[in-house]
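Numbering (my numbering), first residue to last: 33 to 180.
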């Protein structure tokens, strides 16, 4: 086989494959029903998986380029960010998308921080785990959080 006849196969990274699925999901209207981006413009993403955080940010930007997004990779980093906002007397995020299964403290810790510092923040827990199990854990702690 000569080199000029060799055509490399395209290789899709897991992120590219995930984008194909997620873009289809994003276009279903699921998020339109939530009307997140009409009301909320400052978004905090708390996600310890870098690919998922990047994907979420890209999808949000696709829906509305005018939103401001802050991404942190742990509950501890979220606590530092929220404390800094509070110390500087700045507004908190309008909405927070929080991974339930974070490394270290879980997403409930971030929810408690937001309730204490910025109770006006609309909170969403994002998880691939059993939603009923997560709802029970959230209800045990009387957290007012939407589940995605």
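Using N, Cα and C, we set each Cβ at its ideal position, and we do this for glycine too.
>> Taking 7 Å as the cut-off, is the C-beta of residue 180 nearer than that to any heavy atom in the ligand ADP?
In response: Absence of the ligand ADP is noted for the structure shown, with no ligands found whatsoever.
> What are the uninterrupted segments assigned as beta strand (DSSP E) that are 3 or more residues long and contained completely in the stretch 92-138, given in chain order?
Replying inline: The stretch 92-138 contains these whole beta strand (DSSP E) runs: 100-104, 127-131.
> What distance in whole Å lies between the Cβ atoms of residue 128 and residue 76, which are believed to be in contact at a cut-off of 8 Å?
Replying inline: The residue labelled residue 76 in the question sits at position 44 within the chain shown. The residue labelled residue 128 in the question sits at position 96 within the chain shown. Here residue 76 really is in contact with residue 128; their C-beta atoms are around 4 Å apart, less than 8 Å.
> Among all the DSSP beta bridges, which residues are the ones paired with residue 76?
Replying inline: By 1-based counting over the chain shown, the position of residue 76 is 44. For residue 76, which the question treats as bridged, DSSP gives the partners 102, 128.
> Which residues in the same chain as residue 137 place their Cβ atom closer than 7 Å to its Cβ, once the five residues preceding and following it in sequence are excluded?
Replying inline: As a first step, residue 137 must be located in the chain shown, where it is residue number 105. Closer than 7 Å at Cβ, skipping near neighbours: 107, 108.
> From 134, 140, 133, 145, pick the residue whose C-alpha is nearest to that of residue 125; which is it?
Replying inline: The count along the chain shown starts at 1 and reaches residue 125 at position 93. Nearest C-alpha to residue 125: 145.
> What's the C-alpha gap between residue 103 and residue 78?
Replying inline: Sequence index remark: in the chain shown, residue 103 carries index 71 (1-based). Sequence index remark: in the chain shown, residue 78 carries index 46 (1-based). Between residue 103 and residue 78, the C-alpha separation is close to 6 Å.
>> Am I right that residue 81 and residue 100 are in contact with their C-beta atoms under 8 Å? What's the rounded C-beta distance?
In response: Here residue 81 refers to the residue found at position 49 of the chain shown. Here residue 100 refers to the residue found at position 68 of the chain shown. Going by Cβ atoms, the distance from residue 81 to residue 100 rounds to 22 Å, so no, they are not a contact pair.
> Excluding the five sequence neighbours on either side, which residues of its own chain have a C-beta within less than 6 Å of the C-beta of residue 178, listed in chain order?
Replying inline: Position 146 of the chain shown, counted from the first residue, corresponds to residue 178. Close CB contacts of residue 178 within its chain, under the 6 Å cut and outside five residues either way in sequence, are with 156 (chain order).
> Are the beta-carbon atoms belonging to residue 140 and residue 175 less than 8 Å from one another?
Replying inline: One-based indexing of the chain shown puts residue 140 at position 108. One-based indexing of the chain shown puts residue 175 at position 143. With a cutoff of 8 Å on beta-carbon distance, residue 140 and residue 175 are scored as near each other.
> Does DSSP put residue 163 in a helix, in a strand, or in coil?
Replying inline: Position 131 of the chain shown, counted from the first residue, corresponds to residue 163. Residue state, collapsed to three classes: helix.
> In chain order, what residues of the same chain lie with their CB nearer than 6 Å to the CB of residue 142, ignoring the 5 residues before and after it?
Replying inline: Sequence index remark: in the chain shown, residue 142 carries index 110 (1-based). Same-chain partners within the cutoff: 78, 107, 110, 130.
> Using the beta-carbon count (16 or more within 10 Å), is residue 122 buried or exposed?
Replying inline: Here residue 122 refers to the residue found at position 90 of the chain shown. Note on residue 122: under 16 other CB atoms within 10 angstroms of its CB, so exposed under the neighbour-count rule.
>> Distance check for residue 90 and residue 181, CA to CA, integer angstroms please.
In response: Past the edges of the chain, shown from 33 to 180, lies residue 181, and the structure says nothing about it.
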